[in-house]
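Notes to accompany the following structure.
Chains as they are written, first to last, in this note's numbering: chain A, 81 to 243; chain B, 297 to 940.
Here you go:
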């Protein structure tokens, strides 16, 4: 465990070093890059970024919570994205969302306790004639029906647990 | 490779005359793949194609040609438009017209290609042929441009989409790209470029319709050491995907548009503010910028003109309000994306206090075309006050969907009936929603309205960024309005009270309208009625007092739905009925005693145990307990359960 933390902090150092100037406008790209790398923004990271840019931790936390992108705990091994654009909505994405909520027992943006699932709702993925559309770890599942969800979740859980 | 680069930059881009010598044209034709000795197969590769499985098709075609027709060239092109036809595959045999085939999934590849290469064409998946001068035509096969989907369109901005490899700059230059830009920076002054755009009458395509040339001039005339150009590629309206499709299919034209616009306002830094989640489009744009830099089209001292330009891409961190100009600037400055009071407008004091021009993708895509063909040519397209074309993302319940482009002045009926080919499954048309979450509804009575900034404004409909959602009778308008309001409530930044509280309050009331009435006492009923009466007042206060466009336009869908579908609202409120059977809280289920066999399937699945009965006898539903989830309705094999 200690090793992992150690590795992560050295990674962050290299990312921070790339932003030499340390100006305020670097804050969002910096946080984005760290999140792409680590998957989430830990407390330690926010303190470190604050020290580098000369900003208070509360300011950074306030900014990061304002935007939807940033998360403060690790995402699940399986990340589901559900499209809730108008076209998917008309084709019944709401019942898909409630079914996924029921099956995983979590709200959008949260991670299930076993660390397997997390999901988020996005506005439009551009597959408007394939609605309702979801992606599982980047793979598209067009025309999803709510009754297919339990089986899909079971299958995904099985794959992770037996991996 | 290096030779071609030298040839294109030296002989083509720096050529002073309008017509190129025959020898140069010959090379360009080869780059454009118009004269090849081998067959060319192109497969669309936008997001909607990938969702439909174009990557698998690509590898299937690859293995087929490696094994059977080794000389064949395989190209990834952008999206042609109709997303129902994806994956779209185009085959050009040497000297013959191009043939388009639709829905070519993995397993269809082998039989299709076998047929084409042995002169036995499968007509089932055939869309049509695309004619080109000097090529042999296929007898008995319709032309692509004669199909009603394409015939009613005027493809100017989308003219390159689906025709070339978006990752190949050579092809773009061979199609006449970047020549307008090089001409502009070598021969025109900043003012002259602004003048040309102003004369063309181009209006900002982001909804407001502000004249682009005028905006540029305002920024140019503000004295400052540096200026910025920001391309707003953050289309986050649900149901809009025009910008993304254009970026995936024709990123070079956007780069050229940005470059010309930056030159016109004397900016040496341009920023593309990119939507999160369009990773594929972002990679393509980054590649386009990198190759333009490699060809010396960007960077320092471009083509010895002394002008320098850098384009950077910034990913948006995810907030709908960032699409607003001043909020976008705050985000770029590393602050919370909250709107500011205007004036000062960004053209006088924008990013870092410097004059900034913010244009959206579609506006900038028009710019190279105007510079190439002249403002007079542009004036011939569209209507008098709104020249040009408009790109829409047609989605929803239409038979066809995808990205389309129509001339200004085209009626909504034409788009609905000819391009989208009517409503799916013979259902009845209800409305068209244009302008995204803050747009309005166009009903059957106003279908004759034409696409034009002024005409639409007179009718109280905003043009919006390009969302075009077709709604049929199966959609409940109250539920749809609630959906838009929920979106707005989540996305309101919270800076000003009318928007923050107004969206929340409106959502609360709309939710109470569609909630189950059973356990309601007299007090809550009274509250609901009081609330409903307040809806219109809240909407008008929000419209008048909100700080930015988000709050001012947030009640639009509600007001427009109330105006056009008042009876549906009244049914929900007074009769507690939803005619589309969408609102779960208002649905009631009944068991038909003649059809029910007493199989107990529904009773065992009911989550609230509201279904009672004895085995092999007809069951019944206790209405007071029922939550309207519809599980029994879905599970019944004898269709004994009816919904009201």
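For each residue, glycine too, the CB sits at the ideal point set by N, CA and C.
In chain order, 628, 629, 630 make up the part of chain B whose C-beta sits under 7 Å from the C-beta of residue 105 of chain A. By the CB criterion at 9 Å, residue 857 of chain B and residue 864 of chain B fall inside the cutoff. With 16 or more other Cβ atoms inside 10 Å of its own Cβ, residue 570 of chain B counts as buried.
Annotation for residue 159 of chain A: the continuous beta strand (DSSP E) segment containing it runs 158 to 163. Close to chain A, meaning a Cβ-Cβ distance shorter than 8 Å, are the following residues of the stretch 366 to 386 of chain B: 379, 380.
Measuring C-alpha to C-alpha distances from residue 349 of chain B to each of B/388, B/835, B/405, B/766 identifies B/405 as the nearest. C-alpha of residue 761 of chain B to C-alpha of residue 810 of chain B: approximately 30 Å in a straight line. Annotation: residue 567 of chain B to residue 656 of chain B spans about 12 Å, alpha carbon to alpha carbon. Contact annotation: residue 393 of chain B and residue 434 of chain B have beta-carbon atoms nearer than 9 Å. Per DSSP, the continuous alpha helix (DSSP H) segment holding residue 796 of chain B begins and ends at 793 to 810. Within the model, the alpha-carbon separation for residue 384 of chain B versus residue 422 of chain B is close to 10 Å.
Of all residues in the stretch 142 to 156 of chain A, the ones placed with a Cβ closer than 8 Å to any Cβ belonging to chain B are 142, 143, 146, 147, 148, 149, 150, in chain order.
Around the beta carbon of residue 173 of chain A, a 10 Å sphere encloses 16 or more other beta carbons of the protein chains shown; the residue is thus reported as buried. For residue 165 of chain A, the chain B residues whose C-beta falls within less than 7 Å of its own C-beta are 534, 535, listed in chain order. The beta carbon of residue 544 of chain B lies closer than 7 Å to those of 342, 343, 374, 375, 462, 576, 577, 580 in the same chain, with the five residues before and after it left out.
When the five nearest sequence neighbours on each side are left out, the beta carbons in the same chain lying within less than 8 Å of the beta carbon of residue 96 of chain A are those of 110, 128, 129, 132, in order along the chain. When DSSP states are grouped into helix, strand and coil, residue 400 of chain B belongs to the coil group. Against chain B, the CB of residue 228 of chain A has no partner CB under 9 Å away; the residue lies outside that interface. The C-alpha of residue 232 of chain A lies about 14 Å from the C-alpha of residue 241 of chain A. Residue B/390 holds the alpha-carbon nearest to the alpha-carbon of residue 367 of chain B among B/536, B/347, B/390. By the CB criterion at 9 Å, residue 181 of chain A and residue 629 of chain B fall outside the cutoff.
Beta-bridge partners assigned by DSSP to residue 689 of chain B: B/699, B/763. DSSP places residue 727 of chain B within a strand segment (E or B) once states are collapsed to three. Bridge partners of residue 499 of chain B according to DSSP: B/507. Counted as a single uninterrupted DSSP element, the beta strand (DSSP E) harbouring residue 424 of chain B occupies residues 422 to 426.
Scanning chain B for C-beta atoms nearer than 8 Å to the C-beta of residue 109 of chain A yields 610, 611, reported in chain order.
If you draw a 10 Å sphere on the C-beta of residue 587 of chain B, you find 16 or more other C-beta atoms in it, and that means buried. At least one CB of chain A lies nearer than 9 Å to the CB of residue 540 of chain B. According to the DSSP secondary-structure assignment, residue 527 of chain B is paired through a beta bridge with B/568, B/655. At least 9 Å separates the beta-carbon of residue 876 of chain B from that of residue 166 of chain A. In chain A, no part has a C-beta under 9 Å from the C-beta of residue 749 of chain B; the shortest such distance is about 23 Å. Here residue 207 of chain A is buried, its C-beta having at least 16 other C-beta atoms within 10 Å.
Residue 763 of chain B is positioned such that its CB atom lies closer than 9 Å to that of residue 536 of chain B. For residue 219 of chain A, the enclosing beta strand (DSSP E) starts and ends at 219 to 221.
The three-state secondary structure of residue 885 of chain B, taken from DSSP, is strand. Under the three-state reduction of DSSP output, residue 626 of chain B falls in the helix class.
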